[in-house]
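Report on the structure given below.
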Amino acid sequence: MGRSTVHYADNKTNNALKQLHNKLRPAGTPVQRVEYIIELLLLRIFEAKLKKDGEFKQLRQLFTPDYRWKNPKTGKDESNENRLFSYLSTVSNEQILSELNDNFFPFYSSILQNARQVYKTNLPQKVQDQLVLIEEVFSNSNFTNNVNSGNLGEVISIVTNDIEEDRLLKTDLLGDAIESALSETGGTKDIGLYRTPDHIRQFMTALVEPTFADTIFDPACGTGGFLFDAFEFVMRRVDGSQKWPGAKAHKELSKWFNGYFKNNKLDFPSIEQTTQFYRSGVTGIEYLGVIRKMASINFYIRGLNPANIEQGDSLQKYSPVTDHESKSVILANPPFGAQRDQDAYPDVWSEFSKESETTILFVKLMFEQLKSGGRCAVVVSEGFNTWDQFSAKALRKMLLDEAQLKAVISLPQGLFVSKSGVGPKTSILLFEKGGKTDWTWFYKVTNDGYTMGTNRKEQAGCQLVECLDLFHKYVKKGIQPPETKNQFCAPAEWIKVLDPRIKESIRIETRTELQAKNDIDRKKKIKDLDTKVKSKKITQADKQMELKVFEQMLENRIQNEIAKRIDKAHNYSFNMANYKSSLSDSQITDWAEIISHIEPNGATTLDEIYRKLKSSRPEKILPYLVKLNPANALETDIAREYVNNVEETIVAENKEIYKIKKVLMSGAKYPIVKLKDYLILNENKIKPSRNPDVSYKVLGVSNEIGVFRNDKLQPEETSQSYFLVKQNEFCYNPYRINVGSIGLNTFDLDNQIISGAYIVFGCKEDELNPLYLKALFESDMFLEYVNDKASGGVRMNFKFEDMEAWEIPLPSIEDQEKIVSKIEKQMAIIGVCNKVSNNFNVQIENNKIIIDFLGNKNPITIKRISKGKINKILAEVWGLEYIEPITEEN
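First residue of the sequence shown: 144, per my numbering; consecutive thereafter.
Structure, rendered in structure tokens:
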């Protein structure tokens, strides 16, 4: 499960939680402190519910002076009027510990028995369930003497005065309390708590739209956030007075929900429906006992059945007999790369029972548990969309063939990060079990409504709102929304198809590999047959017949192996970049107009079209080109590869081929984007002189070696401001960038700083590889851009706004990594990419440039490239593909 960013609904609550942890720090480990905080919060929550909840009205008699109970610890009859949390505020700091251990905990650990004495009828089921939970929580409670040293009186005061009652009863305060403590220490790993941000839970709930008729489930529920959000969603659909998602929700998202609930009301359910919903409508499983306890308390707060949260390993608990197709809605953020309790889970997936990646097993578990027509929204690591192991590919294929994969929604990396480090890039998969996928909607979220970083703040332009609008207006109804920069729809066949060039390669490699073995078997067979002919056991005619049969067997062996390898090569990737063509709408329109008069041939599959293109003379290819879809990335790439290889004389003689090539070459193979959407400005300035005891590491930037350590400077001796610099951030001098004063910081030191005169920024590493950007900064194109910005000025001053405005080609993150790898390999500077060389050429196999990343021609002169002014590999990225082979002369 991805770790959520540490940000709370309000500063007051956040500060209160931090104070509680600091006051209780001497009391023990982070986990122990959390347990103490839970128990104190539960005491206050119980008192609040006692006053507000009508079903607890008769229970109030327990806390009157007239009611007496026998304290099992003292053996005396005592009154309970002082057994409510508010009483602790009147007790001295020295007495609070004994008051809790001797009076409060014994009373609440047996409250059910006392409650039965004050109710005139049987206890209401909900009251009984909730009191059972309270007994469970307090049955083994005991504050140690160490708690006293934590100023218990101040702790009680914070819980009483600094946490609003609405926060207690309406939010996942317990989850906030845990993460507040553990994120400070990295202790989230100690107890396995990895939370999903509120707005993402709310967003996912709106995608599956639960009702009273649903059975809602989370197999890795943590503190229960998805489950109680689903419950609150259902309640608001029948009761307009409900306030979910609450006053602290993102304003734009809250406005969307107001409109949704106004137009999507449900009738109030019958008694039978509400009873069934309470008993089994909202359920979850949590692995760890302490977290399961918190989830149960969250259920108690909301009037749900606390017993519906089980403890254990969901994968191990799954029974095909009782659990198969038992749920209609699943919302989850299962653990990524978690340790397994047992070696195999055959009930979940017999074919891949020993799969080590738990994300795969959890998604398969959800698929098995969904009823036909059931909806699932699940957060997965973005790697899940492209993992190459057979289990991952088989599962993705299953979601296409046995379910309707409605949407793949890519989330920004900043969502799942804590003070202990950056979490994984994630996506949301939305699918409905049953039927087959016709097409899948891909949507990329870059602004989730909050600033990036550890302490996230609300910002305008939340794309989750647009995503929900498009989903409910179009996708949910089976209509494809109009394509935009952030979203498009891919037919399932695009996802299932395998590049015919890969198939061709497999056929060649397999035949070559098996032919050698076949030659050995053939010689042995001929020798055996010759022996039989010589001994007159068979005739020459018999020999020829057996050889013919044997040759067919050998060919069948090759064909079977080819088919097997091709089948394994299918990836069924859920990566949007694999399918969306980089051509613009106008370029696609131009393509269609150019060949609109051409009659297509009879080829019906991409394999057939590719074979025809390969075997046809260039003058005869138009009936096959017209069959290719320029909106499809793969088909566009096949067309680009073909026309790039057509001789210039033939291109010049054929106006359609010439125009098609111009379309392909006029738009980049990769989209051209401004850096603004991909950079993160560092504004974290400090004055070292104010912290003379801190050992700061000063950095500088050289046009020769990039970022370096400057151990001579003593920053604490001046009043100058410095930036705190992180690893993989860029630093540049705005007045000297034209001479190469820009570098990528590869150091990862404590308290590393650089002069405040520099501009420091990072990039969104899930979309832009810092090493790829560094290579672009070292290109002649960047220097030209910098100099253009300075033209007419008295002095160079390259502002951050200028940096943001620079346009670059942006391949997929996977392609960026390949490009960086090629550059490093060719330049023999693996791990060290700081030296800028103005005249280097990349000599590669067969004296040709690398064509893997060829794009389209940009208005940069080939002469400059051939003179070695531009890294050859980067030239390809920019689309400068017509370059003469490198020779000694040039």
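Just so you know, even glycine gets a beta-carbon here, dropped at the ideal spot from N, CA and C.
Could you check what DSSP says for PHE614 in three-state terms: helix, strand or coil? helix
Candidates PRO858, ARG344, PRO477, THR156, of which the one nearest ILE301 by Cα: Between ILE301 and the set PRO858, ARG344, PRO477, THR156, the nearest pair of CA atoms involves THR156.
Out of VAL903, TRP212, LYS619, ILE552, point me to the one whose CA is closest to LEU824's CA. VAL903
Rounded distance between the beta-carbons of GLN606 and THR589, thought under 8 Å: 7 Å
What is the rounded straight-line gap between the Cα of ILE1076 and the Cα of CYS632? Coverage of the chain is limited to positions 144 through 1033, which leaves residue 1076 absent and any answer about it impossible.
Is it buried or exposed, ASN703, if we count other Cβ atoms within 10 angstroms and call 16 or more buried? exposed
In chain order, what residues of the same chain have a beta carbon less than 6 Å from the beta carbon of GLN416, not counting five sequence neighbours either side? PHE355
Would you report the Cα separation of TYR878 and ASN406, rounded to the nearest angstrom? Rounded to whole angstroms, TYR878 to ASN406 spans 57 Å at the Cα level.
Tell me whether THR354 sits in a helix, a strand or coil according to DSSP, three-state version. coil
Please classify PRO280: does DSSP put it in a helix, a strand, or coil? Note that residue 280 is Val in the sequence shown here, rather than Pro. In this structure, VAL280 counts as helix in the three-state DSSP scheme.
Note down the Cα distance separating LEU266 from ASN448, rounded to an integer number of angstroms. If I take the Cα positions, the gap works out to 14 Å.
Comparing C-alpha positions only, which one of SER397, LEU887, VAL177 sits nearest to GLY432? VAL177
Which whole-angstrom value is the C-beta distance of GLU429 and GLY368, which I expect to be below 8 Å? Taking a contact as a CB-CB distance under 8 Å, the pair GLU429 and GLY368 does not count as one, their CB atoms being some 11 Å apart.
How far does the alpha helix (DSSP H) with ALA438 in it extend, from its first residue to its last? 432-445
Considering only residues of the same chain and omitting the five flanking positions on each side of PRO743, which have a CB-CB separation below 6 Å? PRO766, VAL769, LYS770
For ARG599, write down the residues that DSSP places opposite it in a beta bridge. In the DSSP output, where bridge partners are listed per residue, ARG599 has none listed.
According to DSSP, simplified to helix, strand and coil, what is TRP734? Three-state DSSP puts TRP734 in a helix.
What span of residues does the beta strand (DSSP E) with ILE885 cover, start to end? It spans 885-887 - the beta strand (DSSP E) in which ILE885 sits, taken as one unbroken run.
Can you tell me which of LEU818, TYR813, LYS855, TYR901 puts its alpha carbon nearest to the alpha carbon of GLU957? TYR813
Between the C-alpha atoms of LEU255 and GLU190, what's the straight-line distance to the nearest angstrom? 16 Å
Could you check if LEU163 is buried or exposed, using at least 16 other CB atoms within 10 Å of its CB as the buried criterion? buried
Could you check the C-alpha separation between SER493 and ILE752 for me, to the nearest Å? 39 Å
Buried or exposed, going by whether 16 or more other CB atoms sit within 10 Å of the CB of PHE228? buried
Would ASN257 and LEU186 be called neighbours here (beta carbons separated by less than 8 Å)? no
Using a threshold of 8 Å, state whether the C-beta atoms of ASN881 and VAL806 are closer than that. no
CB-CB under 6 Å to GLU468, same chain, minus the five flanking residues each way: which ones, in chain order? LYS514
Do you know offhand how far GLY171's Cα is from ASN288's? Spanning the alpha carbons of GLY171 and ASN288 requires a straight line of approximately 11 Å.
Can you tell me the Cα-Cα spacing of PHE376 and PHE479, whole angstroms? 27 Å
Let me check understanding here. Comparing Cα to Cα, which of ASP820, VAL506, ALA390, GLY883 lies closest to GLU847? GLY883
SER524 versus GLN260 - alpha carbon distance: 52 Å
By the three-class DSSP mapping on this structure, what secondary structure does TRP584 have? strand
Under 8 Å: do the segment 264-284 and the segment 210-218 share three or more Cβ pairs, one atom per stretch? no
In terms of residues, what are the limits of the beta strand (DSSP E) holding ARG518? Run containing ARG518: 513-524, per the beta strand (DSSP E) assignment.
If we ignore side chains and look at the alpha-carbon of each, how far apart do ASP728 and ILE800 end up? 20 Å
Using DSSP's beta-bridge definition, name the partner residues of LEU822. CYS906
Quick one, are the C-beta atoms of VAL837 and ASN894 less than 8 Å apart? yes
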